[in-house]
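First comes the structure, then the notes that go with it.
Numbering (the working numbering), first residue to last: 1 to 290.
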């Protein structure tokens, strides 16, 4: 089926595309010049709308898929969608819109950034908060990426997730918590090159997510009880996994460095941007990349 997703303007597809392209996991996601596509598990959306179709307990579904192609002249995305149960269409489209940050009010966010101390010249036109497909995926990415580069983390994920998917050729989406917990119980260190303590954190996080859906701030804050998960990881999951608009990563090294740089000219006070502090982080990261 084909759907269309309207996009508030201005929309900075270039920054959204760059975020998704750098983090794309082979075999799960593809990011091209004007499009983003991925496989996903549609059963995670069934409970959201009390769908009465396929049972998530007794049926293993092949992965669903979408491709979002940005059409700037029409100010929209064209969405090609392959689903088992069309009744979850609206929930899936809502998540696609969240990942692409398609519906935020740009005048409100721009004003919040100005209130925080940025000048108009400092503000990236059409700034967006691109996200991960789910809070659980954001959590795993954050743990794997501790103390290494984005490229290094994606390389690890490519090998590790690829090894998990070898035995399930019809399943191409990011593994669910149960699958990762099982894989971590007999992980091969060369496939997952990281300290044993971090592997244990991944296992504990996967086990937690089996029993507790990561769908609220409380459920995500509770991750702090797991050894190896600190405030940065929790805030990252809130920002990228839930698309929470008012999260500020005070202890992020790049954020600290950019705040110090701006302090020499015109200090940035993130709290003045509330309830849009997440976009202050995004803006600071954008300045670090230029």
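Note that CB positions come from ideal geometry on N, CA and C, so glycine has one too.
**Item:** Which residues DSSP lists as bridging residue 71, in chain order
**Value:** To locate residue 71, count along the chain shown from 1; it is residue 71. According to DSSP, residue 71 bridges with 76.
**Asked** How would you call residue 105, buried or exposed, if buried means at least 16 neighbouring beta carbons within 10 angstroms?
**Response** Within the chain shown, numbered from 1, the residue matching residue 105 stands at position 105. Per the 10 Å Cβ criterion, exposed.
**Request:** Taking residue 3 as part of the beta strand (DSSP E), name the residues at either end of that continuous run.
**Result:** Sequence index remark: in the chain shown, residue 3 carries index 3 (1-based). Taken as a continuous stretch (DSSP letters only), the beta strand (DSSP E) holding residue 3 covers 2-6.
**Request:** Could you check which residue in 3, 130 and 214 has the C-alpha nearest to that of residue 285?
**Result:** Counted from its first residue, the chain shown places residue 285 at position 285. Here the closest residue by C-alpha is 130.
**Prompt:** Does residue 94 have its Cβ less than 7 Å from a Cβ in chain D?
**Reply:** Absent from the structure: chain D. Only one protein chain is present.
**Selection from 39, 179 and 8 that minimises the alpha carbon distance to residue 74** = As a first step, residue 74 must be located in the chain shown, where it is residue number 74. Here the closest residue by C-alpha is 8.
**Request:** Please work out which residues of its chain come closer than 8 Å, Cβ to Cβ, to residue 22, disregarding the five sequence neighbours upstream and downstream, and give them in chain order.
**Result:** Position 22 of the chain shown, counting from 1, holds the residue named residue 22. 150, 151 and 154.
**Message:** By the DSSP assignment, the beta strand (DSSP E) with residue 248 in it spans what residues?
**Reply:** As a working mapping, residue 248 is identified with position 248 in the chain shown. Counting along the chain, residue 248 falls outside any beta strand (DSSP E), and DSSP gives it neither H nor E.
**Asked** Is residue 347 helix, strand or coil by DSSP?
**Response** Because residue 347 is not part of the residues shown, which for the chain are 1 to 290, the question remains open.
**Asked** Would you call residue 139 buried or exposed, if buried means 16 or more other Cβ atoms sit within 10 Å of its Cβ?
**Response** Within the chain shown, numbered from 1, the residue matching residue 139 stands at position 139. When all chains shown are included, residue 139 counts as buried.
**Item:** Reduced DSSP category for residue 66 - H, G, I as helix; E, B as strand; rest coil
**Value:** Start at 1 with the first residue of the chain shown, and residue 66 comes out as number 66. Strand at residue 66.
**Item:** Selection from 84, 35, 197 and 263 that minimises the alpha carbon distance to residue 100
**Value:** The residue you call residue 100 lines up with position 100 of the chain shown. Cα-wise, what sits closest to residue 100 is 35.
**Asked** Any idea if residue 147 is buried or exposed, counting beta-carbon neighbours within 10 angstroms, 16 or more meaning buried?
**Response** Along the chain shown, read from residue 1 onward, the residue named residue 147 stands at position 147. So residue 147 counts as exposed.
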